[in-house]
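To start, the structure itself, in structure tokens.
In structure tokens:
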């Protein structure tokens with residue numbers, strides 16, 4: 002089968018534009034940011050990641066984030082306090098601090114929060130332990146199980162020894 006000349010001709014510029022879908026018009030970048038922030042607090046880094054796909058350039062996004070911070074819509078301190086309030090009852094200091102670092106918070110804000118959490122860590126760990134286990138471990142296997150559970154929640158080893166006591170020895 003022979004190819005026709007028409008098969009190789011290109012469309013004129015006007016016809017080619019008609020085939021391309023016009024860019025979708027959606028909410029502005031600021032409207033998207035405010036919608037995200039209205040659901041829950043976000044760190045600057047987290048909001049930047051969420052909005053990156055909608056920004057035409059990095060400068061536009063940085064300027065928007067600066068404006069949101071200036072207008073007090075976006076606050077890393079408020080985000081940190083919100084995260085601590087959600088996590089503190091079930092998780093230990095090291096796990097919460099790790100999550101704050103993942104969200105891009107600076108060491109200065111993390112240090113104050115860490116100090117605050119460490120002062121209540123034993124009490125918080127005791128509540129989690131009582132809810133899950135309720136009684137002291139009878140043998141080494143049970144001790145290890147309880148220790149692993151609380152350690153996986155981010156509670157420090159020193160805190161766990163205070164709650165569980167000395168490691169029982171198998172007879």
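In our numbering, the protein residues as written are 2 to 172. Glycine is no exception: its CB is placed at the ideal position from the N, C-alpha and C atoms.
Whether residue i touches residue j by CB criterion (8 Å)
i, j, result
"residue 50", "residue 96", "no"
"residue 145", "residue 152", "no"
"residue 52", "residue 62", "yes"
"residue 93", "residue 122", "yes"
"residue 48", "residue 75", "yes"
"residue 130", "residue 117", "no"
"residue 44", "residue 105", "yes"
Extent of the continuous alpha helix (DSSP H) run through residue i
i, result
"residue 125", "108-133"
"residue 103", "94-103"
"residue 75", "Counting along the chain, residue 75 falls outside any alpha helix (DSSP H), and DSSP gives it neither H nor E."
"residue 58", "Here residue 58 belongs to no alpha helix (DSSP H), and DSSP marks it neither H nor E."
"residue 159", "158-165"
The ligand SAM heavy atom lying under 7 Å from the CB of residue i
i, result
"residue 142", "Of ligands this structure carries none, so the ligand SAM is not represented either."
Integer-rounded CB distance, given that residue j should sit under 8 Å from residue i
i, j, result
"residue 150", "residue 133", "6 Å"
Checklist entry - Using 8 Å as the threshold, is the region 64-83 in touch with the region 118-131, meaning 3 or more CB pairs across them? => result no
Checklist entry - Hey, is the region 135-145 in contact with the region 107-116, meaning 3+ C-beta pairs nearer than 8 Å? => result no
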